[in-house]
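Have a look at the structure below before the remarks.
Numbering (our numbering), first residue to last: 1 to 270.
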């Protein structure tokens, strides 16, 4: 399942950024009734650039594991929030196959960490404690209009950090190595996170700085024309993006125009 997840990321980018929902995030069934478990804890600490604790940070945990004597792995998702000390305590059940954590807070750059036995030499070595240090995010934005130049309200704008893709996600011949943790999170906005207002304007404030939006050389070689940030616009009354980045590529939207929040995308009424 993990390999299929990585292949799907590649398909999303190489195929003009087709947006898909990775199956690894979808728990097959509740696992609370399955016994026995060996349960341990993982203490997650989240701090800011000054090493001060960050409260109310959202943590999404996706854990694939084997229960004792089980023939098939189990999958469990859970949501956590850090306390005033910047701490959240996560439960770890059974023998780890693949553990993933997505960490996010408004106005901060989101991060991701994972431990996977199949792809990392240390994928089975989950620590007792792990610390995420979140950097302050920077802003991007733009305007969405119709063909008559009128603003469109209610457009949902999904944003992906394409530079977060690693060679491991693209090339089957990448040798197994120790995991790099944490890493930038690819999804910066989804669902209802960013919606245009009455003036057709939208804004996002958790984007890494330009010097952090750098492709790995192997990925850039494979995707020479890929933008650093991919947008996907949707609205029930207008034709949006079928593939991630479709309208922005067609209309010449640049990172500079997103930074100045002057990027204007035109959508056609259905």
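By construction, the Cβ of each residue, glycine as well, lies at the ideal position given by its N, Cα and C atoms.
Just so it is clear, the structure is predicted and the values come from calculations on it, not from any experiment.
The C-beta distance from residue 153 to residue 189 rounds to 17 Å, too long to fall under 8 Å, and the pair is not in contact. According to the DSSP secondary-structure assignment, residue 119 is paired through a beta bridge with no residue.
Using a Cβ distance threshold of 8 Å, residue 142 and residue 265 count as a contacting pair. Between residue 42 and residue 134, the CB-CB gap reaches or exceeds 8 Å. Of the candidates 62, 239 and 44, the residue whose Cα lies closest to the Cα of residue 74 is 62. Residue pairing for residue 185: DSSP places it in no beta bridge. By the C-beta criterion, the stretch 104-113 is judged to be in contact with the stretch 206-213, since at least 3 inter-stretch pairs fall below 8 Å. When secondary structure is reduced to three states using DSSP, residue 254 falls in the coil class, being assigned neither helix nor strand. Residues of the same chain with a CB within less than 6 Å of the CB of residue 132, apart from the 5 flanking positions on each side, are 46, 103, 111 and 182 in chain order.
Taking a 10 Å sphere around the C-beta of residue 235, we find 16 or more other C-beta atoms and assign the residue as buried.
Non-local beta-carbon contacts of residue 90 in its own chain, meaning distances under 7 Å to residues more than five positions away in sequence, involve 41, 42, 44, 61 and 80 in chain order. Between the alpha carbons of residue 119 and residue 97 lies a distance of about 10 Å.
Taking C-beta separations shorter than 6 Å and ignoring five residues to either side along the sequence, residue 193 has no partners in its chain. Secondary structure of residue 194 (DSSP, three-state): coil.
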